[in-house]
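Notes follow once the structure below has been shown.
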Amino acid sequence: MPLVLTEEQQLLRESARGFLDEKAPVSALRKLRDSRDAVGFSRPLWKEMAEAGWAGVLVEERHGGSDFGFVGAGVLAEEMGRTLTASPFLSTSILAATALRKFANKSQQDALLPKIAAGEALFALAVDETSKHRPAQIAMRAEKSGNGFRLSGDKTFVADGHVADKIIVAARTAGAPGETGGLTLFLVDATAKGVAAERTEMVDSRNAARLKFDRVEATGEDVIGEVDGGAAVLDGVLAAGNAGLAAEMSGAAQAAFAMTTDYLKQRTQFGRVIGSFQALQHRAAQLHVEIELVKSVVLKALQDLDGNFGFAGITCSLAKAKAGEVAKLVSQEAVQMHGGIGMTDEYDIGFYMKRIRVAQEMFGDFAYHADKIARLRGY
Amino acid sequence: MPEEAFRAEARAWLEKNAPAEMRDGGIGEEFVCWGGKRWKFSSEAQKTWLMRAAEKGWTVPAWPKEYGGGGLSKEETKILKDEMKRMKVRSPLESFGIWMLGPALLKYGTEAQKKYFLPPIARGEIRWAQGYSEPNAGSDLASLQCKCEDKGDHWLVNGQKVWTSYADKADWIFVLVRTDPKAAKHDGISFILIDMAAPGVSTKPIRLISGASPFCETFFDNVKVPKEHAPGVSAIVGEINRGWDVAKYLLTHEREMIGAGGGGLFATRGLGEVAAQEIGLEGGVLADPLLRAKIAQAEVDGWAFLLTIERMKDEAKAGVGMGAASSVLKYYGAEFNKRRFEIAMDSGGSKELEWEGARTNDGKLAKSWLRTKANSIEGGTSEVQLNIISKRILELPDA
Numbered sequence: 000m001p002l003v004l005t006e007e008q009q010l011l012r013e014s015a016r017g018f019l020d021e022k023a024p025v026s027a028l029r030k031l032r033d034s035r036d037a038v039g040f041s042r043p044l045w046k047e048m049a050e051a052g053w054a055g056v057l058v059e060e061r062h063g064g065s066d067f068g069f070v071g072a073g074v075l076a077e078e079m080g081r082t083l084t085a086s087p088f089l090s091t092s093i094l095a096a097t098a099l100r101k102f103a104n105k106s107q108q109d110a111l112l113p114k115i116a117a118g119e120a121l122f123a124l125a126v127d128e129t130s131k132h133r134p135a136q137i138a139m140r141a142e143k144s145g146n147g148f149r150l151s152g153d154k155t156f157v158a159d160g161h162v163a164d165k166i167i168v169a170a171r172t173a174g175a176p177g178e179t180g181g182l183t184l185f186l187v188d189a190t191a192k193g194v195a196a197e198r199t200e201m202v203d204s205r206n207a208a209r210l211k212f213d214r215v216e217a218t219g220e221d222v223i224g225e226v227d228g229g230a231a232v233l234d235g236v237l238a239a240g241n242a243g244l245a246a247e248m249s250g251a252a253q254a255a256f257a258m259t260t261d262y263l264k265q266r267t268q269f270g271r272v273i274g275s276f277q278a279l280q281h282r283a284a285q286l287h288v289e290i291e292l293v294k295s296v297v298l299k300a301l302q303d304l305d306g307n308f309g310f311a312g313i314t315c316s317l318a319k320a321k322a323g324e325v326a327k328l329v330s331q332e333a334v335q336m337h338g339g340i341g342m343t344d345e346y347d348i349g350f351y352m353k354r355i356r357v358a359q360e361m362f363g364d365f366a367y368h369a370d371k372i373a374r375l376r377g378y
Numbered sequence: 000m001p002e003e004a005f006r007a008e009a010r011a012w013l014e015k016n017a018p019a020e021m022r023d024g025g026i027g028e029e030f031v032c033w034g035g036k037r038w039k040f041s042s043e044a045q046k047t048w049l050m051r052a053a054e055k056g057w058t059v060p061a062w063p064k065e066y067g068g069g070g071l072s073k074e075e076t077k078i079l080k081d082e083m084k085r086m087k088v089r090s091p092l093e094s095f096g097i098w099m100l101g102p103a104l105l106k107y108g109t110e111a112q113k114k115y116f117l118p119p120i121a122r123g124e125i126r127w128a129q130g131y132s133e134p135n136a137g138s139d140l141a142s143l144q145c146k147c148e149d150k151g152d153h154w155l156v157n158g159q160k161v162w163t164s165y166a167d168k169a170d171w172i173f174v175l176v177r178t179d180p181k182a183a184k185h186d187g188i189s190f191i192l193i194d195m196a197a198p199g200v201s202t203k204p205i206r207l208i209s210g211a212s213p214f215c216e217t218f219f220d221n222v223k224v225p226k227e228h229a230p231g232v233s234a235i236v237g238e239i240n241r242g243w244d245v246a247k248y249l250l251t252h253e254r255e256m257i258g259a260g261g262g263g264l265f266a267t268r269g270l271g272e273v274a275a276q277e278i279g280l281e282g283g284v285l286a287d288p289l290l291r292a293k294i295a296q297a298e299v300d301g302w303a304f305l306l307t308i309e310r311m312k313d314e315a316k317a318g319v320g321m322g323a324a325s326s327v328l329k330y331y332g333a334e335f336n337k338r339r340f341e342i343a344m345d346s347g348g349s350k351e352l353e354w355e356g357a358r359t360n361d362g363k364l365a366k367s368w369l370r371t372k373a374n375s376i377e378g379g380t381s382e383v384q385l386n387i388i389s390k391r392i393l394e395l396p397d398a
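In structure tokens:
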């Protein structure tokens, strides 16, 4: 498949850009932060996004979705990355929709996918227990109890964990921390007895929470995929999530870079615009080249998810690794090239640096994914 | 022709015509057939393969048939190359005529020039050299001084070129000369074709840090170049004093080629494999953790670069590409290739430092490592590429 967007995907990008520039610019995120908004995003805006087909971007039409595919989802994530739009898109429309569509049984799909598409239900994916993403280290237990399970343990860095209606949680039904076997994914109601959420205010002013599970009851019907077979489900869901985050960071990096080159053309020192200094020109040109590489890996990962889902893990890791590394570099250079004004809260560039720092950490940073690729390659 | 039908045809033709000795996947200097009047074929098979490929037009598959090409579409050319790679068939012919002069003539040449010069390139009969840089015109190429005067029935050329690749083995040379010394520096340049057998042309090889001498100095001492090499075949390509347009177009091809070399010729995944062999594994991972990290980073970047080459080709095909893509590829490809060979030398340790002897095939890796240092200099330095990107793409202002 050619590494270019189809005409339909380009149109989606244009309409998304127009929508977000008008309704969710960076100032919207600033307002959510400054007002200490309890939800962390605008529910009316999410409703509008659902009506435009964004919430159900990965949901089939028979379930009320728009079914634009992973490339479509990536286009939307990238555009939301440009404007740093706060929304439940990643956790509900990418992570949960992928888990349900690719791994859930028919009754789970019929019950939940239409709600995702309609923007009526919010989801969260609870994986991490330590400060670095290490899914094999999951210790949370799901003990057999009668016909069902009892879930106990702590989760951290759960996007939308405090506002979700349903939580998809990875727990251990067998094996010990360090083993990939023995994991199982459960669908748990956020209101279930024993679930407690603590919202964590993050560097990027976006949603995250720590969750506590204390003997939470679940049944076999709440299992996504197979008991003890959660690693495969998690691999697929996290691949999609990492591709989505990579696309978001690509958008954020492009926007931060565009702001920076604009600034280089305006700011005057020593009697000339600073963009005429070769020391800055060459650094800007290098960033441009790196961003071009990011665009390629992101599109490849998204196309692989659409075309060959079961084998997309490695290109999704590639995309996440490269996008995270480059986006971090771009945000650092952006602040430096802006000089003093880049350090002020009033100016938007700092918001990009903060969001990129959080996004690259989520579900594995550069080292995690580069290590994964190296192991797959046998070294 | 539908893709699969063409694939089948290409496969069948290669199966029938590519000699067995030419199917060893050989890539690199010692396997290349450069052609030319003085070319000594390394084997009868190499000669046979060139003749058969030329007969079919598949030394230059994408060129029009009337100029010795195969008349294939872009898609068909790609299929043919894929099939050759799959069957490990060596390229029948490589040359500066194919990479550089051919594309420039196809765009800027007259019909007579195309008919006269292109078929001998396609058949590997004439080997061309490139006369661009001068001792005082490197990155600032447009400041070149090689003089070309109009003497009525002929041009008179005086001056010196440097970094002329294989000029000592070439038959003809395409040269940038100054035809109007009074004009602004980009405006007085012409692109002229010179027979190197003409009196007054001489060459002197330059020994490089790798020990090889792929480049020469080339001198023009009162060289008379006929206005027409044959009736109606002008020695000048494009308009007189507009040679800079041709030069720039040709450089774009050169850059894409050097850039593609960074990712295209060698797979990065080899780096980890080689290091694992040399250094060994501990607990399933390379025993040198810092080198392992460097290799993994290079693998991420190399793969991203290969995908970028692919994406830019696809964008160009779809007509949505941006300009100056060749500078992006040239810059990154050159820098990446240097990095790759630094890692290969790190993995090899003291063994690969043996400059002579059979153990290292006379320092083959070390010589390649040294050769890559030129990647970011030739065809426009990395710094010049960054200048082009910042001016043409980012539209940052001049000083």
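First to last, the sequence lines map onto chains D and U. Each residue of the first sequence is one higher than the last, beginning at 0 in numbering that gives the first Met the number 0. Each residue of the second sequence is one higher than the last, beginning at 0 in numbering that gives the first Met the number 0. Note that beta-carbon positions come from the ideal geometry of N, C-alpha and C, so glycine has one too.
Spatial neighbours of residue i in its chain, beta-carbon cut-off 8 Å, leaving aside the 5 residues before and after
i, result
"D:Arg356", "Val202, Asp203, Lys327, Ser330"
"U:Leu270", "Ile294, Ala297, Glu298, Arg339, Ile342, Ala343, Ser346"
"U:Ala197", "Val222, Lys223, Val224"
Test: residue i CB closer than 9 Å to a CB of chain D
i, result
"U:Ile78", "no"
"U:Leu393", "yes"
"U:Ser389", "yes"
"U:Ile294", "yes"
"U:Leu264", "Its pLDDT being 42, under 50, U:Leu264 is placed unreliably in this model, and the value from its coordinates should be taken loosely. No, U:Leu264 does not count as interfacial toward chain D."
"U:Phe304", "yes"
"U:Ala402", "Here chain U has residues from 0 to 398 only, and residue 402 of chain U is not among them."
Candidates the options: closest to residue i by CA position
i, options, result
"U:Gly279", "D:Arg171, D:Gly377, D:Gly243", "D:Gly377"
"U:Ala234", "U:Ser132, U:Asp149, U:Arg51, U:Ser212", "U:Asp149"
"U:Ile120", "U:Phe214, U:Thr58, U:Arg177, U:Lys15", "U:Thr58"
"U:Tyr330", "U:Ser41, U:Thr380, U:Thr251", "U:Thr380"
"U:Phe214", "U:Ile387, U:Lys160, U:Trp48, U:Gly123", "U:Lys160"
"D:Gly193", "D:Leu99, D:Ile166, D:Val297, D:Leu184", "D:Ile166"
"D:Lys353", "D:Asp213, D:Gly363, D:Phe276, D:Ala333", "D:Ala333"
"U:Arg177", "U:Glu133, U:Leu250, U:Gly318, U:Asp300", "U:Glu133"
"D:Arg149", "D:Arg171, D:Phe310, D:Arg32, D:Leu279", "D:Arg171"
"U:Lys87", "U:Ala17, U:Pro102, U:Thr109, U:Glu54", "U:Ala17"
"U:Leu155", "U:Asp167, U:Leu290, U:Glu124, U:Val200", "U:Val200"
Beta carbon proximity, residue i to chain U, threshold 9 Å
i, result
"D:Leu292", "yes"
"D:Lys264", "yes"
"D:Ser151", "no"
"D:Gln280", "yes"
"D:His287", "yes"
"D:Asp437", "It is not possible to answer for residue 437 of chain D, since the shown part of chain D is limited to 0 through 378."
"D:Pro176", "no"
Segment limits, alpha helix (DSSP H) that includes residue i
i, result
"U:Gln384", "381-387"
"U:Trp62", "U:Trp62 -> no alpha helix (DSSP H), and no H or E assigned at all."
"D:Cys315", "312-337"
"U:Thr307", "288-317"
"D:Asp109", "105-117"
"U:Thr47", "43-55"
"U:Thr76", "73-85"
"D:Ser14", "6-22"
"D:Thr179", "Careful: D:Thr179 lies outside any alpha helix (DSSP H) and carries neither H nor E."
"D:Arg29", "25-33"
Unbroken beta strand (DSSP E) run spanning residue i, endpoints
i, result
"D:Lys143", "140-144"
"U:Leu155", "153-164"
"U:Glu216", "214-225"
"D:Thr183", "182-188"
Same chain, Cβ closer than 7 Å to residue i, five either side skipped, listed in chain order
i, result
"U:Glu20", "Ser42, Ala44"
"D:Ala135", "Gly177, Glu178, Thr179"
"D:Gln302", "Met0, Val70"
"U:Leu104", "Gln112, Lys113, Phe116, Leu117, Val236"
"U:Pro63", "Gly70"
(Q) So if I threshold CB-CB distances at 9 Å, which residues from the stretch 14-44 of chain D count as touching chain C? (A) Absent from the structure: chain C. Protein chains present are D and U.
Q. Along the chain, which unbroken stretches of the alpha helix (DSSP H) at least 4 residues long are found entirely within the stretch 229-298 of chain D?
A. Complete alpha helix (DSSP H) runs here, min 4: 229-265.
Q: Could you pull out every unbroken alpha helix (DSSP H) segment of at least 4 residues lying fully inside the stretch 334-388 of chain U, listed in chain order?
A: Counting whole runs of 4 or more residues, the stretch 334-388 of chain U contains the alpha helix (DSSP H) stretches 363-371, 381-387.
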